[in-house]
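Each residue of the sequence shown is one higher than the last, beginning at 25 in the working numbering.
No residue lacks a Cβ here, since even glycine has one placed at the ideal position from N, Cα and C.
Remarks on the structure that follows.
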Amino acid sequence: MAIIKKAKNINIQVTNNYTSISKVSHEESEKVIIEATKQNLELSSQKKTILQGFGKDGTTDDGNTEKNEKKCYCNRDFTPNEIKDIVIALRKGEIIGSTVRKTIEEVNGIKKTVFKKVSLSVYDMINTKDLLFANQSDIKRAEHLSVDDSTYEKVTDIINKLLKTYDINSCIRKIHFIAQAYHESHRFRATFEGRTEANTPSNYSGGYHFQGRGFMQLTHDYNYVKYYNKVYGTKEVLKDKKFYTEKLIPFAKLLATNIEYAFDSAGWYWKNDDEVNAIGVNMNLAADQDNTLYVSQGINGKVRSPNGLKERIKYVADLKEIMKYENCSNKKN
C-alpha cells in the first residue's frame, strides 16, 4: 500500500488496482483532485483522475452517506435530502396527463421536425416541481403554511418529531403514514381543503368551519374539539356555544396555518389515543398488517372504496420501492 498524497484532512491510498479515499475530519466542505500515476504500482500507464467532494455532514456532494450506508428507515430520523428524494420520486411517478413536444431528429442524414406525445407527471407542473406547500403555487388555498415553514428542513424536522411522538417508527408504518398524508395534503402542497360555504358537503359536522385541515386533513367539529382538548388539556364540549364560536372556530384555522398543529394533528389522529379515526384502532397496528384498504378506511371513512383508494395503493407500492423496503431489517416475509 502506498500513500500517493495527503491533502487537507484527506488520506488517499493506492494499492494494487484500487484507490481509496478516507475523510479524517468533516469541518469544511472541500474538493480534492488526486492524480494517481503508474509509479511503482501496477496501474494503467495513463493518468487516472479522481474527483471527490465531501460535505460538513459526512456526505458526498450527491447527498449520499460516505460510509455506513443506512439500510432501512426503522427507528431513525429522515434527512431533508431523503424527504426531498421521496417527494420527487412520488411526484414523478404520478402521471396526470400528456402533451405534444416538438423535437428535431436526424433520419438518414436529414433533419426533420417530429412531434411526440409525452406523459406529464405531478413533478412536471411548472409551479410544483420539488416545492412544498407555500413554496409552490399550483395549489393555492386561503389558509396555508408560511413560506418559511415550507422548506425541506422545517418539514423534515416536524415530520421526525411527530413520527417519534406517535410511535410511527418502522419502515412499514412510515410508508403507510406518508402515503396517506401525501394523498390528503394534495401531494405535500396543501394543509387546507379549500372549500367554500357553498360546496361544503352536508355531512361535514360543523360545516364549512370544520373542513379538512392539517397534514392528514382533520375534519368535523367533534374531532376538532377532541384535538383542542388534547392540545390545551381541557374538557370543552360542543354544546358550549361561546366556546364554539370564540375559541374552537379560530383554533380550527391553526391546523392549516401553524406547522406544529398541522403535523401533530396528523400523528394524533393516526395513533387514535382519543378514539377519533374511522376504524377505531391505532393506525400503527393497521399499518403493521400492510393492508392499504384497511388503513385508508381509517383515514377516509369505513366504506368499501375510500376516496382515492387507487392512488393510495400506488403510493404505498411506490414508497416500498423508493425506501427499499426489501432491505428493511424488520420486514415480515
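Span of the alpha helix (DSSP H), counted from its first residue to its last, around residue i
{"i": "S320", "result": "316-324"}
{"i": "I273", "result": "273-281"}
{"i": "K108", "result": "104-116"}
{"i": "L187", "result": "176-189"}
{"i": "K198", "result": "195-208"}
{"i": "D312", "result": "307-312"}
Distance CB(residue i)-CB(residue j) smaller than 8 Å
{"i": "N372", "j": "N99", "result": "A query on residue 372 cannot be resolved here, the shown segment of the chain reaching from 25 to 357 and no further."}
{"i": "A286", "j": "T189", "result": "no"}
{"i": "R213", "j": "I163", "result": "yes"}
{"i": "T243", "j": "Y232", "result": "no"}
{"i": "D3", "j": "K250", "result": "Nothing can be reported for residue 3: it is not among the residues displayed for the chain, which extend from 25 to 357."}
{"i": "Y97", "j": "H207", "result": "no"}
{"i": "M307", "j": "N296", "result": "yes"}
{"i": "L343", "j": "I112", "result": "no"}
{"i": "L169", "j": "I283", "result": "yes"}
{"i": "L262", "j": "Y268", "result": "yes"}
{"i": "C195", "j": "N354", "result": "yes"}
8 Å contact criterion, which residue i and residue j should meet: CB distance rounded
{"i": "G325", "j": "A302", "result": "5 Å"}
{"i": "F102", "j": "T180", "result": "6 Å"}
{"i": "S229", "j": "Y246", "result": "6 Å"}
{"i": "E167", "j": "T258", "result": "Incorrect: roughly 23 Å between the Cβ atoms, too far for contact."}
{"i": "T322", "j": "A310", "result": "Residue identity check: residue 322 is Gly in the sequence provided, not Thr. With a Cβ gap of about 6 Å, G322 and A310 count as contacting."}
Nearest residue (CA-CA) to residue i, options the options
{"i": "I110", "options": "K355, S353, K348", "result": "K348"}
{"i": "M149", "options": "D191, S122, P225, K135", "result": "S122"}
{"i": "S174", "options": "K295, D298, V300, I107", "result": "I107"}
{"i": "Q204", "options": "Y318, K355, R328", "result": "Y318"}
{"i": "V146", "options": "L169, H244, I119, V131", "result": "I119"}
{"i": "H210", "options": "I346, V327, K263, Q160", "result": "Q160"}
{"i": "G236", "options": "Y293, L187, D191", "result": "Y293"}
{"i": "R165", "options": "K266, V300, I283, G218", "result": "G218"}
{"i": "F157", "options": "L186, S143, Y268, Y176", "result": "Y176"}
{"i": "C352", "options": "R197, K254, P274, R328", "result": "R197"}
{"i": "L155", "options": "D191, L114, R125, E270", "result": "L114"}
{"i": "P274", "options": "E284, G117, Y252, V142", "result": "Y252"}
{"i": "K135", "options": "K141, V327, V142, K126", "result": "K126"}
{"i": "E335", "options": "V124, S320, G133, F234", "result": "S320"}
Residue environment, residue i, which counts as buried when at least 16 other CB atoms sit within 10 Å
{"i": "Q313", "result": "exposed"}
{"i": "I199", "result": "buried"}
{"i": "N64", "result": "Bear in mind that the predicted position of N64 carries a pLDDT of just 37, short of 50, making it unreliable; the figure below should be weighed with that in mind. Exposed is the call here."}
{"i": "F139", "result": "exposed"}
{"i": "Y248", "result": "buried"}
{"i": "T152", "result": "buried"}
{"i": "N128", "result": "Per the sequence shown, residue 128 should be read as Ile rather than Asn. Flag for I128 reads exposed."}
{"i": "A11", "result": "The chain is shown from 25 up to 357; residue 11 falls before or after that span and cannot be answered."}
{"i": "L144", "result": "exposed"}
{"i": "G77", "result": "Any reading at G77 is ruled out, since the residue's pLDDT is 34, under 50, leaving its predicted position unreliable."}
{"i": "V131", "result": "exposed"}
{"i": "I300", "result": "Reading off the sequence, residue 300 comes out as Val, not Ile. By the neighbour-count rule (16 or more Cβ atoms within 10 Å), V300 is buried."}
{"i": "I27", "result": "Residue confidence is low: I27 scores 38 on pLDDT, short of 50, so the model does not pin down where it sits. No coordinate-derived value is stated."}
{"i": "S44", "result": "With a pLDDT of 37 at S44, under the threshold of 50, the modelled position of this residue cannot be trusted; read the value that follows with caution. By the neighbour-count rule (16 or more Cβ atoms within 10 Å), S44 is not buried but exposed."}
Opening and closing residue of the beta strand (DSSP E) in which residue i lies
{"i": "V249", "result": "Note, V249: premise wrong, no beta strand (DSSP E); alpha helix (DSSP H) at 245-256."}
{"i": "E335", "result": "That residue, E335, is in no beta strand (DSSP E); its alpha helix (DSSP H) goes 333-346."}
{"i": "R125", "result": "119-131"}
{"i": "L262", "result": "L262 -> no beta strand (DSSP E), and no H or E assigned at all."}
{"i": "I134", "result": "134-145"}
is_contact[residue i, chain B] using C-beta, thresh 8 Å
{"i": "C98", "result": "Chain labels in this structure do not include chain B; a single protein chain is all it has."}
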